[in-house]
Each structure stands twice: as C-alpha cells, then as structure tokens.
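A short write-up of the structure that comes next.
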Amino acid sequence: MTLLMKSLRIFANQCRNCTTKSTPSIEFTASTVNIDGRKFSRDKWTNVTPNILKHLNRNLHLKPGHPLCLLRENIISFMYKSFPNRAGNPIFSIYDRLDPIVTTKKNFDSLLIPDDHPSRKPSDCYYLNKDFILRGHTSAHQEELIASGLDSFVVMGDVYRRDEIDASHFPVFHQAEGVRLFAKHQIFDDEKQSAELFEDGKRTPLKQEYHTEITSKKLQHDLKTCLTKLVHHLFGTDVETRWTETYFPFTHPSFELEVKFQDKWLELLGCGVIEQQILYNAGVPDKVGWAFGLGLERIAMRLYEIPDIRLFWSNDTGFLSQFEGATPDKKIKYKAVSQYPQCFNDVSFWLPEGGINPSDLYEIVRGVGGDIVEQVRLVDEFVHPKNKKRSQCYRIIYRHMERTLNQAEVNEVHKRIEGQLTSELGVTIR
Ligand code: PHE
C-alpha cells in the first residue's frame, strides 16, 4: 500500500460526525455482536457487555464545555504553541476521533506486547472476539500513524479496561498519546557530523541495543523536557514532580512521571524511547523517537478538584454547568452538588410588551423556591408568526441538599412561581 493510501485510510477511520451520534445501536445475537451496523462474530473471547458498549459514542473529550474536552483543548494548545516549525505552524497533528474498536493486532502485537502479557487477559480488557477489542490504550494507534508517514502526533480518545469501580477507577477513561520521531539531523543539530544514531550494541538499562548512548540520552532529555513543561503548563510551575523508572514492552528505557498532590505522589503518565523494532515494522528504520501516554481523568480530577471519576459521565447539569462556556485556561474548582436527584419543570409564557428582565425572573424564582432551586436556564424562545408576540421557556431545576424531592411538592412550588411571574412581571403563562 502506498503512503498516501495508508493515510487516507486513517482519515476515513476518523469518524467526523461522532460528536453528534449519541447512543450506539447495539444488538447481541446468538452468534454476533452488532454495533452501529457492524457485525462481530462471537467466540470464546467475547466479553463485552451492552453496558460497556453504550459508552462508545459518548466522546466526552469532544463535548464542548466538558472538563475532559477543556483538558484536551488545553493539551493541544500547549503542543501547538511549544512545537512550531520554521514557518510557525504546529508540527504535531491531532487524532481525536479514531475508532476505539481496534484489532488485537494493533492493541498488542504492533506494540510488541508478548502473548502471555497480563494486559491481554480477558479479565483485564474487553474483547469483541479474538481479533477485535475495545482499545485498552491510545498506544494502539502508534504503529499505523507512524507507518502512514507522520512524525509528530497526539492521539486522544476513550480507552476501555476491566478494573475495579471506585472513586478513581471506571472501566472507560480517556488518554492522550504523544509521539515524536527524529531524523539524524534533528538529534544532532549542528554538532559534529561524526555522531551516529545507531550502533550494533548491547541493551543496557540506559538504552536499546540499536541506539548509541548519546541518541538515547538526547531522546530521553527531549521527552522529559517536553513533559515537564506540559505538567507545569497544566498545574503551574510550583508543582513538585519526580521521575521513576518502569517497564513497557513498547518503550525502553521507560519512565513514569509523578506529581505531588496533597502530600502524596500521584502517577500521571507513562513514557519512554520507542522500541526501534516498532519503527522498523512501521517502515521508518532511519528515525528514532519517543512516546508518552497520559490519563485525562487523573489530571482533570486534580485540576478541577473533581472527587469522583463517575461525575465525568454525569448528564447532570449541576455538574456540567460548572464548566459550560469556560476556556481551557480558566481555573475552575468544582463545587459538590447534592447527591440527591434533580427534578425539573419548565415554565413557558408570552412576554408582555417591552419584555422582561431575566434578573427579575431569577429573583422571583429564588424568592419563591428558596434553596431547592439549583438552576434556571432559558431553553427556548420564539416569535409568533402572526401576532408577533414573543414566547420564552425557562427550565427550573430543583434539588434539595438533604433529601429527595417529590414531584408533587415541586409542582406546588412551581405553580406559585408561575403565579408570581404573572402578577409581578405581567407574563401570560402558556
Ligand atoms: N500505553 C501506556 C499505558 O496505557 C502508556 C504509554 C504510552 C507508555 C506511550 C509509554 C509510551 O499505560
């Protein structure tokens, strides 16, 4: 396959309209799992459940105003700003719509993950069948993107792992993966031309057998500088960080970056020098590179002080409205909303001549409803085509901090609000 064809295939896989698709269509038959019209035959590996599959099209990282989307935008703006080419354009390209259903080849084999590696166990991931899986990490896309000719890219998306469920674990979360490749002249800028990228040497804790020591050192330095800057960009320069050594089948040497958070070290990301074998397999034997993968929820939970990972999946406007309309660089501290459920009622009315002032409306709603009113928002507005009268609809969201409200008592409060809006603002309830 030519390079161009390969990259076209990748673009075709980026589903352009996935921000608007909501619930995927899922059907389990005796022999297949059908997802949005694609059929996967079932075998003894199949362990996906309808409950997991329903997260497929949520794309929280693409949902405007969602904290994971703000974080995605923040990371992108850092990568764009920090890595311009000579013409001032960003060198990193972003892939945030790649299909999370990948082959097991991509998820494991392309990354040199051995057959007996624990991450392949069906108890740890979600198989559609022997050949297809819900990606367990964004690294699954490394090899195909490198093979398509890209040198610098970031992949962001939802990943799926079977795990415990508690305040910081959820079987679906989001990752950002960064990859940067270098040709010889980029590693050894204007230094002596005698320096070599490669040697036929020994693998040591410091380097792979293929790399000269200086190549490995330079890559590690560049990687660590980039990630330290990113963490400073996100958390501020006074955050304490430390590097620890670790192991991944697809990088060597490999590291984790931890940040001090409330007196505890918190692991933020994994990274390392890309195994040269992966670059050979992808058809770029003459380049070297680094990669990192970080968890978006982990960072967002610390950044916005979100106490429970399940909140990201909430459709509760008490959660979402705290991030709505924010810019990625805005400092937001999440304020806990009551754990009791919301109730909402709409109020629709014709406006009097001259309209109303929304703050008068808020005042009345608060005056009558008191603390059980959590939010008031304009949800609809239109002009009657004949008599030109304007109509508005406001949604009032009620929630008690200490108990579950019942609809009857909410209706009673709502009625009184309607009465006061009529008598004090001159609106006509529809
Ligand atoms: N894929 C690894 C994970 O999910 C993170 C990683 C990415 C590590 C890239 C090294 C290089 O844990």
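Start counting the sequence shown at 1; every next residue gets the next number (UniProt numbering).
Glycine included, each C-beta is placed from N, C-alpha and C at the ideal position.
Given the structure is predicted, the values throughout are model-derived calculations rather than measurements.
Any chance the CB of residue i is under 7 angstroms from a heavy atom of ligand 1?
| i | result |
| --- | --- |
| residue 137 | yes |
| residue 291 | yes |
| residue 270 | yes |
| residue 108 | no |
| residue 92 | no |
| residue 254 | yes |
| residue 251 | yes |
| residue 342 | no |
| residue 248 | yes |
| residue 175 | yes |
If residue i sits next to residue j, beta carbons under 8 angstroms apart, how far is it from one beta carbon to the other, in whole angstroms?
| i | j | result |
| --- | --- | --- |
| residue 275 | residue 250 | 5 angstroms |
| residue 36 | residue 24 | 5 angstroms |
| residue 306 | residue 118 | That belief does not hold up - the Cβ atoms of residue 306 and residue 118 are roughly 29 angstroms apart, past 8 angstroms. |
| residue 311 | residue 319 | 5 angstroms |
| residue 425 | residue 360 | 6 angstroms |
| residue 46 | residue 127 | 6 angstroms |
| residue 134 | residue 100 | 6 angstroms |
| residue 179 | residue 282 | Actually they are not in contact, since the Cβ atoms of residue 179 and residue 282 sit about 11 angstroms apart, beyond 8 angstroms. |
| residue 340 | residue 399 | 6 angstroms |
| residue 295 | residue 173 | 6 angstroms |
| residue 288 | residue 215 | 6 angstroms |
Look up residue i in the DSSP assignment and give the residues it is bridged to.
| i | result |
| --- | --- |
| residue 204 | 207 |
| residue 343 | 398 |
| residue 174 | 158 |
| residue 289 | 181 |
| residue 84 | 90 |
| residue 139 | Bridge partners of residue 139: none, in fact. |
| residue 95 | 155 |
| residue 168 | According to DSSP, which records beta bridges pairwise, residue 168 is partnered with nothing at all. |
| residue 254 | 246 and 272 |
| residue 127 | 133 |
| residue 260 | 265 |
| residue 315 | In the DSSP output, where bridge partners are listed per residue, residue 315 has none listed. |
| residue 321 | BP columns for residue 321 are empty, so no partner. |
| residue 39 | 34 |
| residue 380 | 393 |
| residue 45 | Note: residue 45 sits in no beta bridge, so no partner. |
Applying the 10 Å Cβ sphere with the 16-neighbour rule, what's the burial state of residue i?
| i | result |
| --- | --- |
| residue 419 | exposed |
| residue 422 | exposed |
| residue 142 | buried |
| residue 414 | buried |
| residue 137 | buried |
| residue 244 | exposed |
| residue 12 | Confidence is the limiting factor: at residue 12 the pLDDT is only 38, short of 50, which leaves the residue's position unreliable and the question unanswerable from this model. |
| residue 403 | exposed |
| residue 411 | exposed |
| residue 417 | buried |
| residue 252 | buried |
| residue 218 | buried |
| residue 158 | buried |
| residue 378 | exposed |
| residue 95 | buried |
| residue 223 | buried |
| residue 353 | exposed |
| residue 401 | exposed |
| residue 407 | exposed |
| residue 355 | exposed |
| residue 248 | buried |
| residue 207 | buried |
| residue 315 | exposed |
| residue 203 | exposed |
| residue 428 | exposed |
Using a Cβ-Cβ distance under 8 angstroms, would residue i count as near chain C?
| i | result |
| --- | --- |
| residue 271 | Among the chains of the structure shown, chain C does not appear; only one protein chain is present. |
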